[in-house]
Amino acid sequence: MALSPKTLARGIAAGRLALGLAMVAAPGRATGAWLGDVADTPGGHVAVRALGIRDAILGAITLHTLEHPEVGPRWVATCGVADLVDCAATVAARDGLPRQYPAMIAVAGGAAAASFALAGALKRA
Numbered sequence: 054m055a056l057s058p059k060t061l062a063r064g065i066a067a068g069r070l071a072l073g074l075a076m077v078a079a080p081g082r083a084t085g086a087w088l089g090d091v092a093d094t095p096g097g098h099v100a101v102r103a104l105g106i107r108d109a110i111l112g113a114i115t116l117h118t119l120e121h122p123e124v125g126p127r128w129v130a131t132c133g134v135a136d137l138v139d140c141a142a143t144v145a146a147r148d149g150l151p152r153q154y155p156a157m158i159a160v161a162g163g164a165a166a167a168s169f170a171l172a173g174a175l176k177r178a
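Each residue of the sequence shown is one higher than the one before, counting from 54 in this note's numbering.
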């Protein structure tokens, strides 16, 4: 049995919320594979925590609005935009990132694509 777009969107939103909270609680550990050593510096902690709370809030709002078809799809698409920016920023900085950066590009790009597809499916539902 296939999962519904709403169920899939809920799973992505819950993952975003959890990752955001992990970034706030343990910035170096949560993003070291993505950002490298800079993730565990004071400046890195500031940036990662700021990004983490953004993702936690986006995930929470998305979870809340999925039951509201007039706004839920827009929040899912908004999360896709955030992921697309993360993907583009990672590509732009790739020369200074750890060798695992292609996996991070795949995760961010895949999340963006999934969010855009799910937003469209939710809008049509």
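Every residue, glycine too, gets a C-beta built ideally from N, C-alpha and C.
Just so we're clear, the structure is a prediction, and the values are computed from it rather than from any experiment.
- Assigned with DSSP and collapsed to three states, Pro151 falls in coil, not helix or strand.
- The Cβ neighbour count for Ala55, taken over all protein chains shown within 10 Å, is under 16; the residue is labelled exposed.
- The DSSP-derived three-state label of Met54 is coil.
- Under the three-state reduction of DSSP output, Pro80 falls in the helix class.
- Within the same chain, Cβ atoms closer than 6 Å to the Cβ of Arg147 are found at Tyr154, the five residues on either side in sequence being excluded.
- Around the beta-carbon of Gly68, fewer than 16 other beta-carbon atoms lie within 10 Å, marking it exposed.
- A direct Cα-Cα distance of roughly 11 Å separates Val91 from Val99.
- In terms of Cβ geometry, Thr115 and Ala145 do not form a close pair [threshold 8 Å].
- Excluding five sequence positions before and after Pro126, the CB atoms of its chain that fall closer than 6 Å to its own CB belong to Ala172, Leu175, Lys176, given in chain order.
- Ala156 is positioned such that its CB atom lies no closer than 8 Å to that of Cys140.
- For a cut-off of 8 Å, the C-beta gap from Leu104 to Thr131 is around 15 Å, too long to register as a contact.
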